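Below is one structure, written out as structure tokens; comments come after it.
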Amino acid sequence: MPSYFRITLQRSAIGLPTRVRSVLKTLRLHKRTSSVFYPVSPTIAGKIMKVKELVSVEEVDRPLTKKQVREARRPDAGFWVERKRGDGEGERLEG
Numbered sequence: 001m002p003s004y005f006r007i008t009l010q011r012s013a014i015g016l017p018t019r020v021r022s023v024l025k026t027l028r029l030h031k032r033t034s035s036v037f038y039p040v041s042p043t044i045a046g047k048i049m050k051v052k053e054l055v056s057v058e059e060v061d062r063p064l065t066k067k068q069v070r071e072a073r074r075p076d077a078g079f080w081v082e083r084k085r086g087d088g089e090g091e092r093l094e095g
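Heads up, the sequence shown is in the numbering used here, so the first residue is 1 and it goes up one at a time.
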């Protein structure tokens, strides 16, 4: 059963009323595409409803650390290192 909200700010709060910006501040959402995790509760659900046009919400089983969120966003490198070249002692690549 999902027990956390993952809230991601999708749209900027520039030019919006102070009440909307204060709700984003209480949710600790400052920059676009930043994500925060909160336990599922009616209070947090009410705050989400006030800014529903600006955020995307997912229900997840457990919160992720900042490092895990960053790793999930990182794209694949596009290549694999099959063999590392030695430090030059006795090993030469012919070619």
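Cβ atoms here follow ideal geometry from the backbone N, Cα and C, with glycine treated the same way.
Note that this is a predicted model, so its numbers are computed, not measured.
Own chain, CB closer than 7 Å to residue i, minus 5 neighbours either side, in chain order
i     : result
Leu27 : Ile7, Val36, Lys47
Bridge-paired residues (DSSP) for residue i
i     : result
Leu24 : Looking at the DSSP assignment, Leu24 forms no beta bridge with any residue, so it has no partner.
Val60 : Tyr4
Inter-residue CB distance, residue i and residue j (contact presumed, cutoff 8 Å)
i    : j     : result
Arg2 : Val60 : Here the sequence assigns Pro to residue 2, which means Arg is not the residue at that position. About 6 Å; that satisfies the 8 Å criterion.
Endpoints, beta strand (DSSP E) assigned at residue i
i      : result
Ile7   : 4–9
Glu53  : Counting along the chain, Glu53 falls outside any beta strand (DSSP E), and DSSP gives it neither H nor E.
Val127 : Limits of the chain in this structure are 1 at one end and 95 at the other, which puts residue 127 out of reach.
Neighbourhood of residue i by C-beta, 6 Å cutoff - its chain only, sequence neighbours within 5 removed
i     : result
Lys50 : Val23
Glu82 : none
Continuous alpha helix (DSSP H) stretch holding residue i: start and end
i     : result
Lys84 : Careful: Lys84 lies outside any alpha helix (DSSP H) and carries neither H nor E.
Own chain residues within Cβ distance below 8 Å of residue i, not counting five before or after
i     : result
Glu32 : The sequence given here places Arg at residue 32; Glu does not occur at that position. Excluding sequence neighbours, Arg32 sits near Leu9, Gln10, Arg11, Ser12.
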